[in-house]
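Peer 1: What follows is a single structure, and I will ask about it in a moment.
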Amino acid sequence: MAASALPAQVSPGRSEAEGPPRAVGAGTIVTAVDLVVERTAQHSCAVDTCTRTGGGLGLASEDGATLGVRRFRSVDNALVGVLVATGSELDLHEGIVSGNRIGANVQIDDYDRRRLQGQVIYVESGENTDTTRFDLSEPPGMVGLVPEHP
């Protein structure tokens with residue numbers, strides 16, 4: 421089962437993602453455990469010609485989706501370790517966000533940042549938190565999680 425713009429609920433399981441885990445779309449609920457996202461790259465156009473972010477994102481919740489992640493690492497991504505966009509929800513527990521240009525990108529005014537700090541270590545990123553509102557690229561592969569118990 422894959423998270424997409426269609427409403428979906430995905431339970432913890434083994435990750436088989438093509439590209440970074442991004443939960444996108446109103447009604448989409450993704451819960452993941454034991455997840456590693458590392459070294460996502462920006463598209464070649466990202467430096468001067470992309471009209472959108474151009475990739476390089478770690479974990480992301482966008483366009484009204486809900487993403488909850490426990491026991492994770494989001495490291496060495498070209499742009500952002502974790503991102504929560506307008507109208508979305510992101511809850512993080514027991515993880516490491518490290519070596520990204522931006523650790524956490526929070527695009528929601530007055531978002532309760534404690535939701536991103538449940539035993540989460542932010543270290544060695546250019547900035548630990550940022551509120552820049554990126555024009556997000558169309559998600560290519562989305563997250564594909566295979567439930568362990570069908």
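Per the numbering used here: the sequence shown = residues 421 to 570. A virtual CB, placed ideally from N, CA and C, is assigned to each residue, including glycine. Computed from a prediction, not measured in an experiment: that's the story for all the values here.
1. Considering only their Cβ atoms, is the gap separating glycine 546 from asparagine 520 smaller than 9 Å?
2. CA-CA distance, valine 453 and histidine 513?
3. Measure the alpha-carbon distance for valine 444 versus glycine 475 and round it to whole angstroms.
4. Under a Cβ-count criterion, where at least 16 other Cβ atoms within 10 Å of its own Cβ denotes burial, should valine 467 be classed as buried or exposed?
5. If you count every other CB in all the chains shown that lies within 10 Å of the CB of valine 543, and 16 or more means buried, which is it?
6. According to DSSP, is arginine 535 helix, strand or coil?
7. Identify, in the order they occur along the chain, each residue of the same chain with its Cβ nearer than 6 Å to the Cβ of glutamine 462, setting aside the five sequence neighbours on each side.
8. Count the other CB atoms within 10 Å of the CB of alanine 446; is the residue buried (16 or more) or exposed (fewer)?
9. Excluding the 5 residues flanking glutamine 527 on each side, which residues of the same chain have their C-beta closer than 6 Å to its C-beta?
10. Once you ignore the five residues that flank arginine 491 on each side, which residues in its own chain have a CB closer than 6 Å to its CB?
11. Since glycine 501 contacts glycine 523 with CB under 8 Å, what's their CB separation in whole angstroms?
12. What does the alpha-carbon distance come out to for the pair aspartate 555 and arginine 534?
Peer 2: Let's see:
1. Taking the sequence shown and counting its residues from 1, one reaches residue 520 at position 100. Taking the sequence shown and counting its residues from 1, one reaches residue 546 at position 126. Taking 9 Å as the cut-off, the Cβ atoms of asparagine 520 and glycine 546 count as close.
2. Your numbering for residue 453 matches position 33 in the sequence shown. Your numbering for residue 513 matches position 93 in the sequence shown. For valine 453 and histidine 513, the distance between alpha carbons rounds to 10 Å.
3. On the sequence shown, position 24 is the one that residue 444 refers to. On the sequence shown, position 55 is the one that residue 475 refers to. Taking the CA atoms as reference points, valine 444 sits about 15 Å from glycine 475.
4. Mapped onto the sequence shown, residue 467 falls at position 47. With a pLDDT of 49 at valine 467, under the threshold of 50, the modelled position of this residue cannot be trusted, and the question is left open.
5. Within the sequence shown, numbered from 1, the residue matching residue 543 stands at position 123. Exposed.
6. By 1-based counting over the sequence shown, the position of residue 535 is 115. It is helical.
7. Residue 462 sits at position 42 when you count from the first residue of the sequence shown. Hits under 6 Å: Gly474, Gly475, Gly476 and Ala498.
8. The residue you call residue 446 lines up with position 26 of the sequence shown. So alanine 446 ends up on the exposed side.
9. Mapped onto the sequence shown, residue 527 falls at position 107. Cβ neighbours of glutamine 527 beyond the five flanking positions: Ala505, Thr506 and Arg553.
10. Translated into positions along the sequence shown, residue 491 becomes position 71. Same-chain partners within the cutoff: Val453, Asp454 and Glu514.
11. Residue mapping note: residue 501 aligns to position 81 of the sequence shown, counting from 1. Residue mapping note: residue 523 aligns to position 103 of the sequence shown, counting from 1. Cβ-Cβ separation between glycine 501 and glycine 523: approximately 5 Å, consistent with a contact (criterion under 8 Å).
12. Position 135 of the sequence shown, counted from the first residue, corresponds to residue 555. Position 114 of the sequence shown, counted from the first residue, corresponds to residue 534. The alpha-carbon atoms of aspartate 555 and arginine 534 are separated by roughly 25 Å.
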